[in-house]
Amino acid sequence: MFINKYPVFKKGNVLEKEDLDLLRDNPLEVLSLMYSDKSNGIIKGFDLIPNYSERIVTITKGMAKCNGELFWMKEDYIFDMPKQEERYILKLKLMSDIEERKYYIREGRFVLELGENVNEDEIEITRFITREGAELRNDYQNFRDLRRDFNLMEIINTKYSSAHKWGTFHPHVLKLWGKEVSKKENLDIFDINFYVTCLQQDVYRTRCYNFIYKCKT
1 MFINKYPVFK KGNVLEKEDL DLLRDNPLEV LSLMYSDKSN GIIKGFDLIP NYSERIVTIT
61 KGMAKCNGEL FWMKEDYIFD MPKQEERYIL KLKLMSDIEE RKYYIREGRF VLELGENVNE
121 DEIEITRFIT REGAELRNDY QNFRDLRRDF NLMEIINTKY SSAHKWGTFH PHVLKLWGKE
181 VSKKENLDIF DINFYVTCLQ QDVYRTRCYN FIYKCKT
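Structure representation (structure tokens):
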């Protein structure tokens, strides 16, 4: 679990050194302005790093937006690879504007549970189906390898923030798709422009859907 704290300025509260440190370290108004045009989803970080020998997975520190509010995790988070064979989903549950005496609190905690349900106050990090005796992996070799039957940390449903209200896909998904398309021959200028964009920057989900529709027609 992680929390973001902001001082509550109201009559009767004494301003302390910690309050000034929070204002220095957490320029909330500046960050809110910088990402005001971004949709809900992961902005940066929350990458998955498996450790097979210790059977743990590290989630790197990062920033996310949920219900219009910014949250950031300053330290990495570690969870154990489940031993029981099941279909799991790992989510980041976010709660904001909790007033606790002198501070406003924004809180985030990771939830590992069975199933595939994601609520409005949650962001999916990964989902996977475990098989006994095998390790969770994320060594995607190509675009098709983004989905396997067992022991793969899937990221195809992970929502990343973008300037479009629907957000975008995981950057690794876009890069693998771009590399796949770049190997094909006789591409028109639209195809080339699309895969180059996938390799270099975020692509809106709607643009991906439009590209898929174009390929089918």
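Just so it is clear: in the sequence shown, position 53 is 53 by UniProt numbering, and no numbers are missing.
Note that the Cβ used here is the ideal one computed from N, Cα and C, for glycine as well.
Taking a contact to mean a Cβ-Cβ separation below 7 Å, would you say residue i touches residue j in this structure?
{"i": "Ile98", "j": "Thr126", "result": "no"}
{"i": "Leu136", "j": "Pro50", "result": "yes"}
{"i": "Pro171", "j": "Thr130", "result": "no"}
{"i": "Lys65", "j": "Asn40", "result": "yes"}
{"i": "Phe46", "j": "Ile59", "result": "yes"}
{"i": "Arg109", "j": "Lys91", "result": "no"}
{"i": "Met95", "j": "Glu107", "result": "yes"}
{"i": "Ile105", "j": "Ile192", "result": "no"}
Run the CB neighbour count on residue i, radius 10 Å, all protein chains shown included, and call it buried at 16 or more, exposed below.
{"i": "Glu113", "result": "exposed"}
{"i": "Glu75", "result": "exposed"}
{"i": "Lys52", "result": "For clarity, residue 52 is Tyr in the given sequence; the question names Lys instead. Exposed: under 16 other Cβ atoms inside 10 Å."}
{"i": "Glu120", "result": "exposed"}
{"i": "Val196", "result": "exposed"}
{"i": "Arg148", "result": "exposed"}
{"i": "Phe150", "result": "exposed"}
{"i": "Met73", "result": "buried"}
{"i": "Ser162", "result": "buried"}
{"i": "Met34", "result": "exposed"}
{"i": "Phe169", "result": "buried"}
{"i": "Glu185", "result": "exposed"}
{"i": "Gly62", "result": "buried"}
Taking 6 Å as the line, does the beta carbon of residue i fall inside it for any heavy atom of the ligand FMN?
{"i": "Asp149", "result": "Of the ligands one can find in the structure shown there are none, so the ligand FMN has no counterpart to examine."}
Assign residue i to one of three DSSP states: helix, strand, or coil.
{"i": "Gly167", "result": "coil"}
{"i": "Met81", "result": "coil"}
{"i": "Arg144", "result": "helix"}
{"i": "Phe190", "result": "helix"}
{"i": "Lys74", "result": "coil"}
From the options, pick the residue whose C-alpha is nearest to that of residue i; which is it?
{"i": "Tyr88", "options": "Met95, Asp80, Leu94", "result": "Asp80"}
{"i": "Ile78", "options": "Leu48, Lys175, Trp177, Phe128", "result": "Leu48"}
{"i": "Ile123", "options": "Thr158, Leu176, Leu152", "result": "Thr158"}
{"i": "Ala134", "options": "Leu174, Met153, Val181", "result": "Met153"}
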